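Participant: In the UniProt record's numbering, the protein residues as written are 1 to 779.
(1) Does the Cβ of residue 440 have 16 or more other Cβ atoms within 10 Å, making it buried, or fewer, making it exposed?
(2) Between residue 520 and residue 558, is the Cβ-Cβ spacing less than 9 Å?
(3) On the criterion of 16 or more Cβ atoms from any shown chain inside 10 Å, does residue 589 qualify as buried, or is it exposed?
(4) Counting pairs of Cβ atoms below 8 Å between the stretch 106 to 123 and the stretch 376 to 392, do you hit three or more?
(5) Return the CA-CA distance between residue 10 and residue 69, expressed in angstroms with no decimal places.
(6) According to the Cβ coordinates, are residue 478 and residue 772 closer than 9 Å?
(7) Can you tell me which of 614, 601, 610 puts its alpha carbon nearest to the alpha carbon of residue 621?
(8) With a CB to CB cut of under 7 Å and the five nearest residues on each side skipped, what residues in its chain are close to residue 707?
(9) Pick from 263, 187, 270: whose alpha carbon is nearest that of residue 257?
(10) Does residue 229 pass the burial test, meaning 16 or more other C-beta atoms within 10 Å, or should it be called exposed?
(11) Among 39, 274, 352, whose alpha-carbon lies nearest the alpha-carbon of residue 315?
(12) Assuming contact is defined by CB atoms lying nearer than 9 Å, are residue 105 and residue 754 in contact in what I supplied?
(13) Is residue 111 helix, strand or coil by DSSP?
(14) Using the Cα positions of residue 130 and residue 503, report the straight-line distance between them to the nearest angstrom.
(15) Does the beta-carbon of residue 116, which I'm using as the reference point, lie nearer than 8 Å to any heavy atom of the ligand COA?
(16) Is residue 408 helix, strand or coil when you go by DSSP?
(17) Helix, strand or coil: how does DSSP classify residue 123 here?
(18) Which whole-angstrom value describes the C-beta separation of residue 354 and residue 304, a residue pair presumed to lie in contact below a C-beta threshold of 8 Å?
(19) To test your reading of the DSSP string, which unbroken beta strand (DSSP E) runs of 3 or more residues are found completely within the stretch 470 to 511?
(20) Rounded to a whole number of angstroms, what is the C-alpha to C-alpha distance between residue 306 and residue 534?
(21) Where does the unbroken beta strand (DSSP E) through residue 439 begin, and where does it stop?
(22) Does residue 6 come out as helix, strand or coil in the three-state DSSP assignment?
(23) DSSP state of residue 15, grouped into three classes?
(24) Opposite residue 737 in the DSSP bridges: which residues?
(25) The alpha helix (DSSP H) with residue 40 in it runs from where to where?
(26) Spatial neighbours of residue 547 within its chain, please: CB distance less than 8 Å, with the 5 preceding and 5 following residues excluded, ordered by chain position.
(27) Would you please state the rounded distance, in angstroms, between the beta carbons of residue 442 and residue 481? I believe it to be under 8 Å.
(28) Counting only C-beta atoms, is residue 508 closer than 9 Å to chain D at any point?
(29) Which runs of the beta strand (DSSP E) spanning at least 3 residues fall entirely within the UniProt repeat "WD" (291 to 334), listed in chain order?
(30) Less than 9 Å between the C-beta atoms of residue 411 and residue 459, yes or no?
(31) What is the residue span of the beta strand (DSSP E) that residue 718 lies within?
(32) At the level of alpha carbons, what is the spacing between residue 775 and residue 434?
(33) Mind pulling the alpha helix (DSSP H) runs of 4 or more residues that sit fully within the UniProt repeat "WD" (335 to 378)?
(34) Closer than 8 Å by C-beta to residue 59: which residues in its own chain qualify, once you throw out the five before and the five after it? Chain order, please.
(35) Using the C-alpha atoms, what's the distance from residue 675 back to residue 765?
(36) Give me the Cβ distance between residue 750 and residue 736, rounded to the nearest whole Å; I'm assuming they're in contact under 8 Å.
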């Protein structure tokens, strides 16, 4: 450090200390960020960067709560100490939400994310600083299936991200992001927007590819409007080489894939269309050569060079990959082996060979010699239905990133001696685009998806987390059902997901007890792509003569009866012609009866001990989504037909007419013994897609409360007995956990969660909440 720079740092340190002193108060304690002026909240981090004191602010939890996220996020990469790096990771987990929330909401997100990463002391400190009352529903523990330390940055977009590309403009790495029919340019390092959106397409953009052509950083885009368009990335002007390709006579098939390449020194565009034709465009003249070969849609195009000759690889929904000699416009190899659609292809040059890599709906990734078409290696993908891949050569071998329907990102290190795999999680819905770029010579992965976000990852970041809750046992799909079961005197959380996996956790501390895949539970895979499979849609539990028993309702219309202590399947019964969406267990004459409901609009009753059918309840005229035991010999059902029906459990007959809600659907139900000391009850609460909660007096059939809870669907409601009385909890697609006083009615609390809430379950004063792929226990 020079004398001049040292003097500048001394001045910067003095300035930062002076600013912090203004909010420390008379006792010179920790800064009071809740009392700080807007200037300090926005610019304190810039002063800390100049003073070399970034870690001091990043380890101040109250600063993270109150400071302007737009100034905090760029500084996270500067964290140096272990604690600063840990808290930077916590901040990144919900980075897409911090900029659009208030400090109280941000506090609770940070608390939950700290718990997800195993930083339980920090989690409690976030919600219970000396001057802040303990927030309701603070985390006791949480899983972290979608909170990954490799996540560097999250940028929120205005809609579904359909394509991404990486490029460099005068040394500045950028990302091009397609949302609907627009393209947005962002700084890869900061996520900041660059210029105005690129507009010209009239329908959804399906493909982006960037390359330097004739010294120009150039972007091509292609989409459902049947056009491919070119953009000069320096000027953001369209058509740098002449007329836009594919602006030809109607009708035009959708352009589903595109790539740029120089062919004999001439700028060239390759397009693949829904009719399976590869087209090679000479950009200066607009001349085109058509290359038929595929029988169905071309889903992706990759380019490379073999022995000085430009080649292309095309992936298709005809289950093949083709290698093309671009000078001759001929096929040199047809790569077969995929069992279903091939969604993605990339080409990477290694010292040994030019390698083509393909992936698709058959959950395999295949490596091929691009010169000869010879199969080299097949990788069984741990994630399902890969939609996009990208690859690069590293010092260890081929680095490969792939992602798809599950929302998870898989990173493979493939060398001649070993294959290492790592799952990166964070997206809450499917991933549609993956590209590898570079920041300061560090390879980073850029992903975009249906959750309206673009995420940047460093696959070299250590994967260790602070707690075993997040490592090892985990869900890798949305959790759709939750219940509690007692095994050997311990209360366990049982959670099921859309992949058919059942997990058991100790409710007290989150210790993983068991993880059972669909096959372990006797579930058969879906017979074909898109068919109903082993997805778990409902769970219920009972104690059968000392045997802890779980019942698992599936998408294929069956339910499985499981011994939770031994994980042994006792029976599987095919009860419904559509998914089993709800289960309830009621005691009738001291015998446990299982009520199951599904998309076939029928409720079936089975003896849980013998599996014998006992009754069939008919009355709904659409899918039945919810069942709940009301006690007093009654069970309630809620349906897509907008009604709630009450049934007598002993003789399986309806009690009174249906309760006609004002909702299109009833997604969930909760029983309320009473609303206030003077009410007789019981009462039933129902909620659905219109975001309202309605409460009915069961004996009279009278609607007594209607609560506008959300503008989005509510997926689960339950009641919890707190020290202040019974409260009603709701959660849904808006990712907000809301607490209501059912007697008033009044909103008592809103807690944001990182993903949509699908399932809730109470236990004494605790609440089990399932959001995205996560299970959390709150108090």
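The beta-carbon is built from N, C-alpha and C at its ideal position, and this holds for glycine as well. Keep in mind it's a predicted model, so treat the numbers as computed, not measured.
Facilitator: Reading it off the structure:
(1) exposed
(2) no
(3) exposed
(4) no
(5) 26 Å
(6) yes
(7) 601
(8) 692, 693, 740, 745
(9) 270
(10) buried
(11) 274
(12) no
(13) helix
(14) With a pLDDT of only 49 at residue 130, under 50, the local geometry of the prediction cannot be trusted, and the value read off the model is given with reservation. If you take the alpha carbons of residue 130 and residue 503, they lie about 37 Å apart.
(15) Looking at this structure, you won't find the ligand COA or any other ligand, since it has none at all.
(16) coil
(17) helix
(18) 6 Å
(19) 479 to 487, 490 to 497, 502 to 506
(20) 44 Å
(21) 431 to 439
(22) helix
(23) helix
(24) 751
(25) 38 to 51
(26) 563, 565
(27) Going by Cβ atoms, the distance from residue 442 to residue 481 rounds to 41 Å, so no, they are not a contact pair.
(28) Looking for chain D here will not work: only one protein chain is present.
(29) 298 to 306, 309 to 316, 320 to 325
(30) yes
(31) 714 to 722
(32) 27 Å
(33) none
(34) 81, 83, 84, 87
(35) 18 Å
(36) 5 Å
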